[in-house]
Amino acid sequence: MLDSIHSILQDYQPKILGEKRRYAVLLPLIWQENTWQVLYQVRSESISQPGEVSFPGGALEEGESYAQAAVREAREELNLKDADIDLLGEIDYLVFGQTTIHCFVGQLKLADWRQIKPNEEVARLFTVPLESLLEQEPTYYSLTSTVDADSAFPFDRIRNGQDYPFSHNARRIPFYDQLGETIWGMTAQFTHRFTEIVKEA
1 MLDSIHSILQ DYQPKILGEK RRYAVLLPLI WQENTWQVLY QVRSESISQP GEVSFPGGAL
61 EEGESYAQAA VREAREELNL KDADIDLLGE IDYLVFGQTT IHCFVGQLKL ADWRQIKPNE
121 EVARLFTVPL ESLLEQEPTY YSLTSTVDAD SAFPFDRIRN GQDYPFSHNA RRIPFYDQLG
181 ETIWGMTAQF THRFTEIVKE A
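With the UniProt record's numbering applied, the sequence shown corresponds to residues 1 to 201, in that order.
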């Protein structure tokens with residue numbers, strides 16, 4: 001039995017426990033007005049999370065790598081060609097619940113981002129100078145969720161019941177406060193981590 005278990009584990013590829021959804025986004029950089037700019041998009045009213053600021057991205061398709069998904073989604077949402085995107089590399093990724101989101105950084109090889117004609121998923125585009133993002137860190141706000149004592153969860157089977165110190169009750173959510181646009185949540189987190197990596201180099 002032990003030999004069989006050993007044989008099984010030798011070939012097993014570890015995965016994130018409980019993962020059901022895999023996404024990839026692209027943090028786009030564009031050289032314009034003699035400085036690097038980060039391109040953001042505002043999601044249209046016809047898709048999930050309407051009106052929120054985000055990076056191009058979406059779910060992986062069958063047989064697709066995270067990098068391929070990031071480029072494909074950026075190409076589709078921004079109506080670009082493959083040659084317009086130079087993938088520079090990957091930064092840290094997020095695991096949230098059953099969802100994994102990988103973030104890649106890429107250069108948009110365009111003369112002017114205002115010439116981009118995005119698809120129907122994008123309401124509008126805007127840029128923020130990378131220098132501004134390097135100088136300003138986001139503010140992290142605490143958000144606490146509470147336990148619902150009336151739920152079907154079997155609190156009576158664990159010590160301290162509904163007073164058990166669950167570890168996922170508090171979250172810290174970043175917001176950029178001085179940019180004129182509400183950049184928050186995952187998009188702010190990826191932006192902040194990218195600037196940290198740049199400054200650490």
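Just so it is clear, CB atoms sit at the ideal spot from N, CA and C, and this is done for glycine as well.
Does the CB of residue i have a neighbour CB from chain B at under 8 Å?
| i | result |
| --- | --- |
| leucine 134 | As a matter of chain content, chain B is missing from the structure shown, which is built from one protein chain. |
I need the boundaries of the alpha helix (DSSP H) containing residue i, first residue and last residue.
| i | result |
| --- | --- |
| glutamine 32 | It is not in any alpha helix (DSSP H) - glutamine 32 instead sits in the beta strand (DSSP E) that spans 21-32. |
| phenylalanine 104 | Here phenylalanine 104 belongs to no alpha helix (DSSP H); instead the beta strand (DSSP E) covers 99-108. |
| aspartate 3 | 2-11 |
| arginine 75 | 66-78 |
| serine 48 | Where serine 48 is concerned, there is no enclosing alpha helix (DSSP H), given that its DSSP letter is neither H nor E. |
| isoleucine 197 | 185-200 |
| leucine 134 | 130-135 |
With burial defined as no fewer than 16 other Cβ atoms inside 10 Å of the residue's Cβ, what is the status of residue i: buried or exposed?
| i | result |
| --- | --- |
| isoleucine 8 | exposed |
| glutamate 131 | exposed |
| glutamine 41 | buried |
| arginine 72 | buried |
| methionine 1 | exposed |
| isoleucine 116 | buried |
| glutamate 45 | exposed |
| isoleucine 197 | exposed |
| alanine 152 | exposed |
| tyrosine 176 | buried |
Sort the options by Cα distance to residue i and report the nearest one.
| i | options | result |
| --- | --- | --- |
| tyrosine 23 | Ile5, Ile183 and Gly97 | Gly97 |
| glycine 57 | Lys15, Thr35, Gln178 and Phe104 | Phe104 |
| isoleucine 85 | Ala67, Glu76, Gly106 and Asn79 | Gly106 |
| valine 25 | Ile16, Pro50, Ser54 and Leu17 | Ser54 |
| alanine 67 | Lys109, Met186, Val198 and Leu27 | Leu27 |
| glutamate 52 | Leu125, Thr139 and Ala170 | Leu125 |
| valine 118 | Arg43, Ala201 and Val198 | According to the sequence shown, residue 118 is proline rather than valine. Taking only the C-alpha atoms, the option nearest proline 118 is Arg43. |
| isoleucine 30 | Trp113, Asp11 and Ser167 | Trp113 |
| serine 65 | Glu181, Thr35, Arg159 and Thr100 | Thr100 |
| glutamate 121 | Glu77, Glu200 and Val198 | Glu77 |
| asparagine 34 | Met186, Ala111 and Phe155 | Ala111 |
| proline 129 | Gly18, Arg21, Leu88 and Gln32 | Gln32 |
| threonine 182 | Ala170, Pro50, Gln10 and Asp3 | Pro50 |
Give me the Cβ distance between residue i and residue j, rounded to the nearest whole Å; I'm assuming they're in contact under 8 Å.
| i | j | result |
| --- | --- | --- |
| glutamine 162 | proline 174 | Glutamine 162 to proline 174, Cβ: 30 Å. No contact. |
| glutamate 137 | histidine 102 | With 8 Å as the limit, glutamate 137 and histidine 102 do not qualify as a contact, their Cβ atoms being about 23 Å apart. |
| serine 142 | arginine 172 | 6 Å |
| alanine 70 | glutamate 61 | Alanine 70 to glutamate 61, Cβ: 12 Å. No contact. |
| threonine 195 | leucine 134 | 5 Å |
| threonine 127 | valine 38 | 6 Å |
| alanine 59 | arginine 21 | 7 Å |
Just reading off the beta strand (DSSP E) that residue i is part of, what are its end residues?
| i | result |
| --- | --- |
| serine 142 | 139-144 |
| isoleucine 85 | 85-90 |
| arginine 172 | 170-176 |
| isoleucine 111 | In the sequence under discussion, the amino acid at residue 111 is alanine, which differs from the isoleucine named in the question. First-last for alanine 111: undefined, no H or E at that position. |
| alanine 59 | 57-59 |
Task: Cβ contact check for the region 146-155 and the region 78-95: 3 or more pairs under 8 Å - done: no
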